[in-house]
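Scroll down for the structure; my scribbles are underneath it.
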Amino acid sequence: MKLHRTLVLLVPMVLLFVLGAACGGDDPTPAPAGATAAEMQAAVEAAMAGMQPAEPMSAEEIGGLVQAAMAGMQPAEGVSAEEISSLVEAAVAAQPGATAEEIEAMVMAATEAAMSSAVTGEELAMAIDQAVSEVAAQGVSAEDLSMAIDKAVSDAVAQGVSAEDIEAMVRAAAEESGMTGEELAMTIDKAVSQAMSQAMAAAPKETIIFSDLNWTSAQVQNRIAQYIVEFGYGYPTSTVFGATLPLFNGLRAGDTHVTMEIWLPNQDEAWMEAQAMGQVVAIGESLGKDWQSAFVIPAYLQEQYPDLDSVEDLKEDQYKMLFTTAETGGKARLVSCVIGWACEAVNAAQITGYGLDDYVYVVNPGDGAAANADLYGAYEKQEAWLGYQWGTNDPPLLLDLVRLEEPAYSDECWFTTKACAYEDATILIAVAPDVLLRAPDVVAMLRNWSFDIDRYKTVAAWADANPEAKVNDAALWWLNGNADVWTGWVTDDAAAAVQTALDGNQAPEGWPTE
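Position one of the sequence shown corresponds to residue 0 (numbering that gives the first Met the number 0), numbered consecutively onward.
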C-alpha cells in the first residue's frame, strides 16, 4: 500500500470508536443531499480551516462551522444520511469543556471515516504498520511516528495539502538519520505549515458583503472593517444598504455575510429562530451595552415642566397638548422608529401596553437622517419633542436629552405585553456560517474587534465639527488616528498592509459612493 494512501487514511482508532457510537444515535436529522464525495471532502476541509483560533471556540461558532460544513453534503456509498447526521450531532454534543483542536479531531475523524466506510479496521492497522516500518530503522519509535504523521495529516487535510506533499515530507524527515520522534514531528509540522500558508495565499478570495444598516454607527464600523478586510486580508468587499428587518433576512439567506450591529432585545425572536436554524453565527460584540427608549424629550422641556417625568404623564392633557400638532388630531406627536427597523413593532407594542393609543400619534420616519433632522429642528427652536432615541445615535451624543420613566424591564413583561422599558441592548457582530469556512482570518479579526461607545463618540464629535464630512471620511479619520487600537485586531502582515494603504490615501473598492 502506497504511503500517500496510508497518510490519507490515518485516523486514530479511538475516533473510529466515536464513529461507531455516533452512528447508533437516536432520532437523527436527515442530512441534506446534492454534493459529491469530493465536494463533501472539500467542505469538511474548509470547515477545519477555520477551527484553529488562539482561544477555544465558542459552542455557537463550532456549531455554525459544522452546520455549514454539512450543508449540501451527500453521504458516501454505504453510509446513510442518518449516520452522517448522527456523527455531526455527536461532535457538537462533545463541545462543553473541549478545545477547538479536540472537536476538530472528532469532526474530521468521524466525517473521513464516514466517507471511507469501505476501509476496515484491519486495513487501517496495516496502513499504520507500513508507515511505521519504513522509518523504524532510523531510531524513531512506532508511537512517535504515528503521532507525528497523524498530526501532520490532520492539519494538512484540513488545509487542502495533498497526500503526495505529506508523503514527501515524511520520507524526507525519515531519511535524516538518528532523528527523534520530537524532531520528526517538528520537521513535519514546519513543512505542513509552509504548505498551508502557500495554499491559503493561492486560494481565490470571494467577496464579503456587509449589511449597510441605515444609521451612522453601523456604517462607520462597516467602513472600518471593509478597509481592513480589503487591504489587510485581500478580500473584495461590497455593501447592501437597507433597514434592520430586510437586511437581517438577507443575512439569514446568505445574501449578505457580515452585520456589525445586531440589536438585542429588539431582534430577539428573529435572532433566536435564525440561530436555531443555523443561519447566523455571533462572533463578538459591537459598541457594548446601549440604552434606548421611545419616550425621550429634551432636557429643557423637563426643566420647564418638572412633573413631566413618566410615560403615564402623557395621559394628562396639560402634558399631552405640549406635543400636539395640526395633523395629530389632539394627540401627542411621537416620532418612533424608522420603517423597517425592529424597534418599530416594539414601540407600537409598548404604546398599546401602556394604554397610550388614545393619547399619542405615531410618526415613522423614512430613514435615520430624517428622524435625527426632526429632533435637531425642534431642539434648535427649543420646541417640545417626543420620540425614540438610543445612546449611540448622534443626537444623544450631542444634545441634552432625558428619558421618561417606564416600568422596569422583565422577561415576563417583554415577551408578553412589552409594557416596560427596553433592557439595555446587547449589540452583536454576526456572520453567515459560510464566512467561518472561507474567511477564517476575517473571523479572527472580528473576534478581536473592540469599537466601544466611547470610541464611537470620538467619531461623532469629529463629524459634528466637520459637517461636510461623509461616513467614509469619518472612517479614514479614525483609522489614521487609532493605529494603536486596530493593529490589536489584526495580524502583523495585515497591519502593515493596512498602514501602507492609509499612507497612500487609498480607499477600498467596496466602499459605497457618498
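No residue lacks a Cβ here, since even glycine has one placed at the ideal position from N, Cα and C.
Check your understanding: From glutamine 40 to glutamine 218, what does the alpha carbon distance come to, in whole angstroms?
Key -> As a working mapping, residue 40 is identified with position 41 in the sequence shown. As a working mapping, residue 218 is identified with position 219 in the sequence shown. Legend: pLDDT at glutamine 40 = 46, less than 50; position of this residue unreliable, no value from coordinates given.
Exercise for review: Rounded to whole angstroms, what's the CA-CA distance from valine 430 to alanine 438? Just pull it up for me.
Suggested key: Here residue 430 corresponds to residue number 431 of the sequence shown, with the count starting at 1. Here residue 438 corresponds to residue number 439 of the sequence shown, with the count starting at 1. Each residue's Cα considered, the two are about 11 angstroms apart.
Exercise for review: Count the CB pairs spanning the segment 478–497 and the segment 239–250 that are closer than 8 angstroms, and state whether there are at least three.
Suggested key: Short answer: they don't touch.
Check your understanding: In whole angstroms, what is the alpha-carbon distance linking isoleucine 227 and glutamine 274?
Key -> Here residue 227 refers to the residue found at position 228 of the sequence shown. Here residue 274 refers to the residue found at position 275 of the sequence shown. Each residue's alpha carbon lies about 27 angstroms from the other.
Exercise for review: Work out the CA separation of tryptophan 214 and leucine 435 for me, nearest whole Å.
Suggested key: To locate residue 435, count along the sequence shown from 1; it is residue 436. To locate residue 214, count along the sequence shown from 1; it is residue 215. Those two C-alpha atoms are separated by around 26 angstroms.
Exercise for review: Taking only heavy atoms of the ligand NAP into account, decide whether any of them is closer than 7 angstroms to the Cβ of alanine 275.
Suggested key: What this structure holds is no ligand at all, so the ligand NAP is not there to describe.
Practice item. Identify which residue in Tyr234, Val295, Thr255 and Asn346 has its Cα closest to the Cα of valine 279. Key: Within the sequence shown, the letter at position 280 stands for residue 279. For valine 279, the nearest C-alpha among the options comes from Thr255.
Exercise for review: Pull up the CB-CB distance for tyrosine 421 and leucine 398, whole angstroms please, since I reckon it's below 8 angstroms.
Suggested key: As a working mapping, residue 421 is identified with position 422 in the sequence shown. As a working mapping, residue 398 is identified with position 399 in the sequence shown. About 20 angstroms; that fails the 8 angstroms criterion.
Check your understanding: Ends of the alpha helix (DSSP H) at alanine 217?
Key -> In the sequence shown, residue 217 corresponds to position 218, counting from 1. Counted as a single uninterrupted DSSP element, the alpha helix (DSSP H) harbouring alanine 217 occupies residues 215–226.
Exercise for review: Grab me the residues of methionine 444's own chain with a C-beta within less than 6 angstroms of its C-beta, minus the 5 sequence neighbours each way, in chain order.
Suggested key: Counting from 1 along the sequence shown, the entry for residue 444 is found at position 445. Here the set comprises Trp488 and Val489.
Practice item. Could you please give me the residues that DSSP links to tyrosine 360 through a beta bridge? Key: In the sequence shown, the residue the question calls residue 360 occupies position 361. Per DSSP, the beta bridge partners of tyrosine 360 are Arg332.
Check your understanding: CB-CB under 7 angstroms to alanine 473, same chain, minus the five flanking residues each way: which ones, in chain order?
Key -> For the purposes of this step, residue 473 is taken as the residue at position 474 of the sequence shown. In the same chain as alanine 473, and ignoring 5 residues on each side of it, the C-beta atoms closer than 7 angstroms to its own belong to Val219, Val458, Trp461 and Ala462, in chain order.
Check your understanding: Where does methionine 276 sit, in a helix, a strand or coil, going by DSSP?
Key -> Reading the sequence shown from its first residue, position 277 is the one you call residue 276. Note: methionine 276 maps to coil in three-state DSSP.
**Study point:** Short Cβ contact (8 angstroms threshold) for threonine 243 with leucine 212
**Key:** What you label residue 243 is simply residue 244 of the sequence shown in a count that begins at 1. What you label residue 212 is simply residue 213 of the sequence shown in a count that begins at 1. Result yes, Cβ atoms of threonine 243 and leucine 212 sit closer than 8 angstroms.
Point to revise | Cβ neighbour criterion (16 or more within 10 Å) applied to methionine 259 | key: Within the sequence shown, residue 259 is the residue found at index 260, counting from 1. With 16 or more other Cβ atoms within 10 Å, it is buried.
Check your understanding: For the candidate residues Ala347, Leu300, Gly390 and Asp483, whose alpha-carbon lies nearest to that of phenylalanine 322?
Key -> Taking the sequence shown and counting its residues from 1, one reaches residue 322 at position 323. With respect to the C-alpha of phenylalanine 322, the residue from Ala347, Leu300, Gly390 and Asp483 having the closest C-alpha is Leu300.
Review point. Could you give the C-beta distance for phenylalanine 230 and alanine 500, rounded to a whole number, given that I count them as a contact under 8 angstroms?
Key: Numbered from 1 along the sequence shown, position 231 holds the residue referred to as residue 230. Numbered from 1 along the sequence shown, position 501 holds the residue referred to as residue 500. Contact holds; Cβ gap of about 4 angstroms.
Check your understanding: isoleucine 426 and aspartate 289: beta carbons closer than 8 angstroms?
Key -> For the purposes of this step, residue 426 is identified with residue 427 of the sequence shown, where counting begins at 1. For the purposes of this step, residue 289 is identified with residue 290 of the sequence shown, where counting begins at 1. Contact check for isoleucine 426 against aspartate 289 passes: the beta carbons are separated by less than 8 angstroms.
Review point. When DSSP builds the beta bridges, which residues end up paired with phenylalanine 240?
Key: Counted from its first residue, the sequence shown places residue 240 at position 241. Bridge partners of phenylalanine 240 according to DSSP: Asp211.
Point to revise | Straight-line Cα distance separating glutamate 343 from glutamate 54 | key: Taking the first residue of the sequence shown as position 1, residue 54 is located at position 55. Taking the first residue of the sequence shown as position 1, residue 343 is located at position 344. For glutamate 54, the predicted structure reports a pLDDT of 45, less than 50, and the residue's modelled location is therefore unreliable. The matter cannot be settled from this model.
Point to revise | Selection from Leu400, Glu405, Ile452 and Asp316 that minimises the alpha carbon distance to glutamine 381 | key: Along the sequence shown, read from residue 1 onward, the residue named residue 381 stands at position 382. Ranking the options by Cα distance to glutamine 381, first place goes to Leu400.
Practice item. Work out the CA separation of glycine 339 and alanine 269 for me, nearest whole Å. Key: For the purposes of this step, residue 269 is taken as the residue at position 270 of the sequence shown. For the purposes of this step, residue 339 is taken as the residue at position 340 of the sequence shown. Whole-angstrom Cα-Cα distance: 14 angstroms.
Point to revise | Between the CA atoms of glutamine 349 and phenylalanine 414 - distance to the nearest angstrom | key: Reading the sequence shown from its first residue, position 415 is the one you call residue 414. Reading the sequence shown from its first residue, position 350 is the one you call residue 349. Here the C-alpha atom of phenylalanine 414 lies approximately 11 angstroms from the C-alpha atom of glutamine 349.
Practice item. Please say whether threonine 327 and tyrosine 360 have beta carbons closer to each other than 8 angstroms? Key: As a first step, residue 360 must be located in the sequence shown, where it is residue number 361. As a first step, residue 327 must be located in the sequence shown, where it is residue number 328. Between tyrosine 360 and threonine 327, the C-beta spacing is below 8 angstroms.
**Study point:** glycine 386 to valine 362 span [Cα, whole Å]
**Key:** On the sequence shown, residue 386 is found 387 positions in, with the first residue counted as 1. On the sequence shown, residue 362 is found 363 positions in, with the first residue counted as 1. Straight-line spacing of the CA atoms in glycine 386 and valine 362 works out to 9 angstroms.
**Study point:** Sub-8 angstroms separation of glycine 253 and aspartate 433 beta-carbons
**Key:** Position 254 of the sequence shown, counted from the start, is the residue given in the question as residue 253. Position 434 of the sequence shown, counted from the start, is the residue given in the question as residue 433. Yes; because the gap between Cβ atoms is below 8 angstroms, this pair is in contact.
Point to revise | Continuous beta strand (DSSP E) stretch holding glycine 352: start and end | key: As a position in the sequence shown, residue 352 is number 353, starting the count at 1. Under the DSSP assignment, glycine 352 falls outside any beta strand (DSSP E), being part of the alpha helix (DSSP H) whose first and last residues are 341–352.
Point to revise | tyrosine 408 versus glutamine 291: straight-line alpha-carbon distance, rounded | key: Here residue 408 refers to the residue found at position 409 when the sequence shown is read from its first residue. Here residue 291 refers to the residue found at position 292 when the sequence shown is read from its first residue. Roughly 12 angstroms separates the two Cα atoms.
**Study point:** leucine 313 versus glutamate 302 - alpha carbon distance
**Key:** Locating residue 313 in the sequence shown gives position 314, where the first residue counts as 1. Locating residue 302 in the sequence shown gives position 303, where the first residue counts as 1. C-alpha separation (whole angstroms): 16 angstroms.
Point to revise | Nonlocal neighbours in the same chain, by C-beta distance under 8 angstroms from glutamine 505, ignoring five residues either side | key: Taking the first residue of the sequence shown as position 1, residue 505 is located at position 506. Cβ within range, chain order: Phe230.
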